[in-house]
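Right, one structure below, let's go through it.
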Amino acid sequence: MAITRRKFLIGGGVVAVAAGAGILTPMLTREGRFVPGKPRHGFVAGTEGPLPQQADVVVIGAGILGIMTAIELVGRGLDVVIVEKGNIAGEQSSRFYGQVITYKMPNETFLLHHLGKQRWREMNAKVGADTSYRTQGRVEVPFDEEDLVNVREWIDTRSKNVGSDIPFKTRIIEGAELNQRLNGARSKWTIAGFEEDSGSLDAEIATFVMADYAKKLGIKIYTNCAARGLETQAGVISDVVTEKGPIKTSRVVVAGGVWSRLFMQNLGVDVPTLPA
Ligand SMILES: Cc1cc2nc3c(=O)[nH]c(=O)nc-3n(C[C@H](O)[C@H](O)[C@H](O)COP(=O)(O)OP(=O)(O)OC[C@H]3O[C@@H](n4cnc5c(N)ncnc54)[C@H](O)[C@@H]3O)c2cc1C
Numbered sequence: 078m079a080i081t082r083r084k085f086l087i088g089g090g091v092v093a094v095a096a097g098a099g100i101l102t103p104m105l106t107r108e109g110r111f112v113p114g115k116p117r118h119g120f121v122a123g124t125e126g127p128l129p130q131q132a133d134v135v136v137i138g139a140g141i142l143g144i145m146t147a148i149e150l151v152g153r154g155l156d157v158v159i160v161e162k163g164n165i166a167g168e169q170s171s172r173f174y175g176q177v178i179t180y181k182m183p184n185e186t187f188l189l190h191h192l193g194k195q196r197w198r199e200m201n202a203k204v205g206a207d208t209s210y211r212t213q214g215r216v217e218v219p220f221d222e223e224d225l226v227n228v229r230e231w232i233d234t235r236s237k238n239v240g241s242d243i244p245f246k247t248r249i250i251e252g253a254e255l256n257q258r259l260n261g262a263r264s265k266w267t268i269a270g271f272e273e274d275s276g277s278l279d280a281e282i283a284t285f286v287m288a289d290y291a292k293k294l295g296i297k298i299y300t301n302c303a304a305r306g307l308e309t310q311a312g313v314i315s316d317v318v319t320e321k322g323p324i325k326t327s328r329v330v331v332a333g334g335v336w337s338r339l340f341m342q343n344l345g346v347d348v349p350t351l352p353a
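Take 78 as the starting number for the sequence shown in my numbering and just add one per residue.
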């Protein structure tokens with residue numbers, strides 16, 4: 078299919094963050110020049126001492142999902158223990174791009190992420206620390222006209238999915254507004270999708286700040302403590318067996334990232350994730 082001038086002017090699936098914020102410290106480039114970079118949060122150590130004998134809930138994995146889940150459960154009055162096979166945020170959760178977005182998200186996951194964006198907007202105030210999260214807004218230039226039609230349809234459908242408590246803030250922008258959002262950058266782009274309430278965070282900061290907060294709430298996070306399996310009695314979970322001993326519980330959250338599939342496979346449960 079030939080590329081028309083119109084398509085060229087629409088753009089190439091390019092993404093731009095509309096406005097930036099952040100505290101800067103120097104970083105060395107390949108050429109040896111120092112450029113501004115972001116400060117990193119320190120490593121967060123696990124809880125010292127012996128494993129508790131029991132807990133209301135055991136969370137397996139101290140990545141961002143395990144930590145956030147534990148914080149949520151403690152807020153509901155439950156006693157929660159996290160077991161982590163390596164270090165806190167030692168895998169994906171200290172390396173991801175940190176985009177907090179819902180743009181073009183399918184129906185099945187959209188509402189959860191829409192709510193998630195709201196949670197992140199409130200997070201710095203909630204934890205009383207700078208998680209690095211900022212609401213920035215995000216401009217995405219469509220690949221071609223077909224993409225633009227799909228985005229318009231997506232906006233139309235999703236805007237009807239959300240209630241008024243957390244308003245839907247993605248729309249098409251053009252002309253002066255697009256130029257202003259691109260902050261004076263020279264481009265031939267004529268039209269774009271704009272997700273006004275999207276944000277971003279730095280995974281090397283946010284996950285550790287949340288782990289600190291979890292520990293302050295009294296959540297115990299045992300590192301170098303792999304969960305090896307679950308024991309059941311009369312068809313109900315009775316223990317999480319870890320390499321440092323068992324913990325009695327009737328509720329387990331498996332937040333083991335890419336390893337969740339292997340862990341659950343041993344229990345005969347198929348979890349559809351990418352293979353580790
Ligand atoms: C390159 C890249 C970019 C990404 N960018 C984004 C983005 O911009 N925005 C976004 O929302 N998402 C992004 N993601 C996805 C995001 O990184 C993940 O969804 C998120 O980090 C997953 O967190 P998690 O806690 O589930 O997993 P993890 O961070 O992997 O944590 C799982 C933890 O469980 C532990 N564990 C596993 N098995 C056991 C066991 N048996 N016993 C004890 N502990 C165990 C592991 O050691 C690990 O620490 C990106 C992913 C990648 C790879």
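Ideal placement from N, C-alpha and C gives every residue a C-beta, glycine not left out.
With a cut-off of 8 Å on Cβ pairs, the stretch 297-305 is in contact with the stretch 148-163, counting three or more such pairs. If you check the CB distance, Glu-272 and Thr-124 do not come in under 8 Å.
Taken through DSSP and simplified to helix, strand or coil, Ile-178 comes out as coil. Between the stretch 281-295 and the stretch 215-235 there are fewer than three C-beta pairs closer than 8 Å, too few to call the two in contact. Per DSSP, Phe-120 lies in no alpha helix (DSSP H) and is assigned neither H nor E. Under the 8 Å Cβ criterion, the stretch 232-240 does not count as touching the stretch 142-160, having fewer than three qualifying pairs. One Cα belongs to Phe-245, the other to Trp-231, and the distance between them is close to 12 Å. DSSP, read as helix, strand or coil, puts Tyr-290 in helix.
In this structure, the C-beta of Gly-154 stays at least 7 Å away from each heavy atom of ligand 1. Counting C-beta pairs with one atom in each stretch, the stretch 247-257 and the stretch 127-137 have fewer than three that are closer than 8 Å, which means they do not touch.
Distances from the CB of Phe-173 to the heavy atoms of ligand 1 include at least one below 7 Å.
Here Pro-323 is bridged, per DSSP, to Val-318. CA-CA distance, Ile-243 to Gln-195, rounds to 7 Å.
Between Thr-326 and Val-317 the beta-carbon gap is near 6 Å, inside 8 Å, which marks them as a contact. Contiguous beta strand (DSSP E) elements confined to the stretch 120-204 occur at 134-137 and 157-160, taking only those with 3 or more residues. Ranked by Cα distance from Phe-220, the options Ala-202, Gly-270, Ala-304 and Val-348 are led by Gly-270.
Distance from the CA atom of Ser-277 to the CA atom of Glu-199, rounded to whole angstroms, is 13 Å. Rounded to the nearest angstrom, the gap between the Cα atoms of Asn-184 and Asn-227 is 14 Å.
Assignment of Ala-304 by DSSP, reduced to helix, strand and coil, places it in the strand class. Taking 7 Å as the cut-off, one finds no heavy atom of ligand 1 near enough to the beta carbon of Phe-220. Residue nearest to Lys-321 within the set Ser-315, Val-313 and Ala-304 is Ala-304 (criterion: CA-CA distance).
Residue pairing by DSSP puts Lys-297 in a beta bridge opposite Val-158.
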